[in-house]
């Protein structure tokens, strides 16, 4: 649909309506109509204009001011309404034309402004000259048509907003506001198809957005939530059931990926989504989602729900994202990963306090030669049971070396096991350094004689214990730990680098200790590059951990007999062992 054809159609539309009555009469009738509903009734919110959901904290004030003006337009001008809308529209059209000509791409703010103009066109008709109104409508239609006709396929991040705000939401808005206008009606079907393609193509089948678009999660949820309200009010065939189901899943995932302060996990976005997500739950959530949202906001407890609530943890091999979470509460502990695009970004939050956020990429050397860490990360294992969420990732290092990253969150026991396993094919000196991306508010406090670190932010948040190192600072043969950085080294064909994070507030003042345990196979002691085991004790509570670093075998340690690759358990009050998780070898799976 070429731009000049759209302009001809809008001019023809105005010619036709003015044949039957003067422009002023038609404009007054359009402004005074009750259906279709204006934006504030179409999408009811408590405080915000729904279009503001697509803006960031860095949005220029002039955009917010324009949205505020248009959102609060009433059918008839108020006595104190001082805007010369003909002048305002002309200035905006000139600025937008210049932006498109010079930069070849509209800003997100301009796209959102277009949506605001589209919703306000009926009430602007009686406030400006007909030729200006027609020029504004023509610009919006041309922009929507060009966006719809743009090539499809995989969308790059810098093209994402034009493909959603302009190719999906803008034509839906115009079709909603002008259901009897042929040129708007012609945009409806292709806009719905674009929306279907986006929901199905950008989400993993269960509502998780691909990691490469993580920073766009809030903006996409905002756009798609408004589109859902428009779609159910518009005539004709709605978007497909599969696409609607994807949106409904995304609503649940957004609750799961929402921090306690209302921002989104694994993003640098500082804009909160509480009101938007409340509205999304209303249009796309079911009874379980409403309960989950109430739990997240602290309005009810999980145990009070009449439904069997799903696990709070989630993973998506396709989307290359995962979150290990203790509960649905906004104040719960979680550890999340985005391992897309040859990176591994992680975020740890303990009881509502952000402890770290950023890249978790170690520096590794073998016989003095750095091993490159710029390859793809693959999810090789995910397990979730009543006790723990467990994730294992893997990346190739070259020169016959592989890095396997294990993370486990114990919900009731309130700890996190984080470990990197370096697996090689021949012996040599292995050096490992990992800097934790701690929040600037986190302070690491060392003990006088032992190597565990207390984390403060500003109140005590927990303890970090480098359990492969000696408990005593005087023994630094295997490495050292500062809280921000772990260093380990050894000679062999494998190296295991674990950290035990105790995040239980009730254990913060209790004594801590750990030991490396002896592992045997057929009465032969196993070297540390074949298999390792550890015991961790805090107060009266104890746990054991085991990891095979080569081929598995029938091995024993402190009375346990295993052929597993990984094993974690707790000691109960009777001294018996209660399994938390057991991971068999990949071949066994």
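In the numbering used here, the protein residues as written are 1 to 589. Every residue gets a Cβ at the ideal spot worked out from N, C-alpha and C, and that includes glycine.
Are there 16 or more other CB atoms within 10 angstroms of the CB of residue 334, so buried, or fewer, so exposed? On the chain shown, position 334 is the one that residue 334 refers to. Buried, by the Cβ-count rule.
Identify, in the order they occur along the chain, each residue of the same chain with its Cβ nearer than 6 Å to the Cβ of residue 377, setting aside the five sequence neighbours on each side. As a first step, residue 377 must be located in the chain shown, where it is residue number 377. 339, 344, 393 and 395.
With DSSP collapsed to three states, give me the class of residue 276. Locating residue 276 in the chain shown gives position 276, counting from the first residue. In this structure, residue 276 counts as helix in the three-state DSSP scheme.
Just the Cα atoms here: how many angstroms apart are residue 77 and residue 127? Residue numbering aside, residue 77 sits at position 77 when the chain shown is read from its first letter. Residue numbering aside, residue 127 sits at position 127 when the chain shown is read from its first letter. Cα-Cα distance, rounded: 8 Å.
Residue 187 vs residue 144 beta-carbon contact at 7 Å: Residue mapping note: residue 187 aligns to position 187 of the chain shown, counting from 1. Residue mapping note: residue 144 aligns to position 144 of the chain shown, counting from 1. A contact, by the Cβ cut-off of 7 Å.
Just verifying my parser: in three-state terms, what is the DSSP assignment at residue 337? What you label residue 337 is simply residue 337 of the chain shown in a count that begins at 1. Three-state result, residue 337: strand.
With a CB to CB cut of under 6 Å and the five nearest residues on each side skipped, what residues in its chain are close to residue 544? Within the chain shown, the letter at position 544 stands for residue 544. Cβ neighbours of residue 544 beyond the five flanking positions: 535 and 569.
Please determine, among 257, 502, 178 and 97, the residue with the shortest C-alpha to C-alpha distance to residue 315. In the chain shown, residue 315 corresponds to position 315, counting from 1. Ranking 257, 502, 178 and 97 by Cα distance to residue 315 puts 257 first.
Could you tell me whether the Cβ atoms of residue 488 and residue 546 are closer together than 7 Å? Mapped onto the chain shown, residue 488 falls at position 488. Mapped onto the chain shown, residue 546 falls at position 546. For residue 488 and residue 546, no; Cβs fall outside 7 Å.
Spell out the partners DSSP gives residue 465 in its beta bridges. Indexing the chain shown from 1 puts residue 465 at position 465. In the DSSP output, where bridge partners are listed per residue, residue 465 has 500.
Let me check understanding here. Comparing Cα to Cα, which of 21, 125 and 430 lies closest to residue 402? Residue mapping note: residue 402 aligns to position 402 of the chain shown, counting from 1. Closest option to residue 402, Cα to Cα, is 430.
Nearest CA to the CA of residue 514: which residue from 521, 279 and 470? The count along the chain shown starts at 1 and reaches residue 514 at position 514. The shortest Cα separation from residue 514 among 521, 279 and 470 belongs to 470.
Given that a residue counts as buried once 16 or more other Cβ atoms are within 10 Å of its Cβ, and exposed if not, what is residue 2? Within the chain shown, residue 2 is the residue found at index 2, counting from 1. Note that residue 2 scores a pLDDT of 44, beneath 50, so its modelled location is shaky; the value from the coordinates is reported in the next line. By the neighbour-count rule (16 or more Cβ atoms within 10 Å), residue 2 is not buried but exposed.
CA-to-CA distance, residue 63 to residue 109, given in whole angstroms: Taking the chain shown and counting its residues from 1, the one referred to as residue 109 is at position 109. Taking the chain shown and counting its residues from 1, the one referred to as residue 63 is at position 63. Distance between the alpha carbons of residue 109 and residue 63: 7 Å.
If you measure between the beta carbons of residue 320 and residue 211, is that distance less than 7 Å? Position 320 of the chain shown, counting from 1, holds the residue named residue 320. Position 211 of the chain shown, counting from 1, holds the residue named residue 211. It is a contact, given that the beta carbons lie within the stated cut-off.
What do you reckon, are the CB atoms on residue 229 and residue 455 nearer than 7 Å? The residue labelled residue 229 in the question sits at position 229 within the chain shown. The residue labelled residue 455 in the question sits at position 455 within the chain shown. Cβ distance not < 7 Å, so residue 229 and residue 455 don't count as in contact.
Residues bridged to residue 362 (per DSSP): Start at 1 with the first residue of the chain shown, and residue 362 comes out as number 362. In DSSP, residue 362 forms no bridge with anything.
Cβ-based burial, residue 296 [other Cβ within 10 Å; buried from 16]: As a first step, residue 296 must be located in the chain shown, where it is residue number 296. Classification of residue 296: buried, given that the 10 Å Cβ count is 16 or more.
Nearest-angstrom beta carbon gap, residue 504 and residue 414 [assumed within contact, 8 Å]: To locate residue 414, count along the chain shown from 1; it is residue 414. To locate residue 504, count along the chain shown from 1; it is residue 504. Indeed, because the Cβ distance is near 4 Å, the residues count as touching under 8 Å.
In three-state DSSP terms, what is residue 678? Since the first residue of the chain shown is 1 and the last is 589, residue 678 is not available in this structure.
Considering only the alpha carbon of each residue, which of 584, 361, 20 and 506 lies closest to residue 375? For this step, residue 375 is matched to residue 375 along the chain shown. When only C-alpha atoms are compared, the closest one is 361.
Is the segment 48-63 close to the segment 242-255, with three or more CB pairs under 8 Å? no
Round the Cβ separation of residue 70 and residue 120 to the nearest angstrom and send it over; I've been treating them as touching at under 8 Å. Your numbering for residue 70 matches position 70 in the chain shown. Your numbering for residue 120 matches position 120 in the chain shown. The Cβ separation is near 4 Å, so the contact holds.
Who are the near neighbours of residue 4 in its chain, counting only those whose CB is closer than 8 Å to its CB and skipping five residues on each side? Against the chain shown, residue 4 aligns to sequence position 4. Low confidence applies to residue 4: its pLDDT is 49, below 50, so where it sits in the model is not reliable, and the reading given next is rough at best. Answer for residue 4: no residue qualifies.
Enumerate, from N- to C-terminal direction, the unbroken alpha helix (DSSP H) stretches of 4 or more residues contained entirely within the segment 204-290. 217-233, 241-256 and 274-284
Suppose the cutoff is 6 Å on Cβ atoms and the five residues either side in sequence are ignored; what does the same chain contact list for residue 216 look like? Stepping through the chain shown from its first residue, residue 216 is reached at position 216. Within the same chain, residue 216 has close Cβ partners 160.
Could you pull out every unbroken alpha helix (DSSP H) segment of at least 4 residues lying fully inside the segment 130-195, listed in chain order? 130-149 and 170-177
Burial state of residue 298 (16 or more Cβ within 10 Å): Counted from its first residue, the chain shown places residue 298 at position 298. Classification of residue 298: exposed, given that the 10 Å Cβ count is below 16.
Does the separation of the CB atoms of residue 519 and residue 484 fall below 7 Å? Residue mapping note: residue 519 aligns to position 519 of the chain shown, counting from 1. Residue mapping note: residue 484 aligns to position 484 of the chain shown, counting from 1. Not in contact: residue 519 and residue 484 (Cβ atoms no closer than 7 Å).
Residue 122 (DSSP reduced to helix, strand or coil): Counting from 1 along the chain shown, the entry for residue 122 is found at position 122. DSSP places residue 122 in helix when its eight states are reduced to three.
Quick check: residue 262 and residue 274, are their CB atoms within less than 7 Å of each other? In the chain shown, residue 262 corresponds to position 262, counting from 1. In the chain shown, residue 274 corresponds to position 274, counting from 1. Yes, these two residues count as a Cβ contact at 7 Å.
Quick check on residue 307: buried or exposed, where buried means 16 or more other Cβ atoms within 10 Å of its Cβ? Along the chain shown, one-based indexing puts residue 307 at 307. Exposed, since its Cβ has fewer than 16 Cβ neighbours within 10 Å.
Taking 7 Å as the threshold (C-beta atoms), are residue 86 and residue 129 in contact? Residue 129 sits at position 129 when you count from the first residue of the chain shown. Residue 86 sits at position 86 when you count from the first residue of the chain shown. Contact: yes.
Taking Cβ positions, are residue 538 and residue 512 nearer each other than 7 Å? Walking along the chain shown from the start, residue 538 turns up at place 538. Walking along the chain shown from the start, residue 512 turns up at place 512. The answer is yes: Cβ separation under 7 Å.
Who are the Cβ neighbours of residue 147 in its own chain at under 6 Å, not counting the five residues just before and after it? Position 147 of the chain shown, counted from the start, is the residue given in the question as residue 147. Hits under 6 Å: 162, 166 and 167.
Could you please give the first and the last residue of the uninterrupted beta strand (DSSP E) stretch that includes residue 106? Against the chain shown, residue 106 aligns to sequence position 106. Residue 106 -> no beta strand (DSSP E), and no H or E assigned at all.
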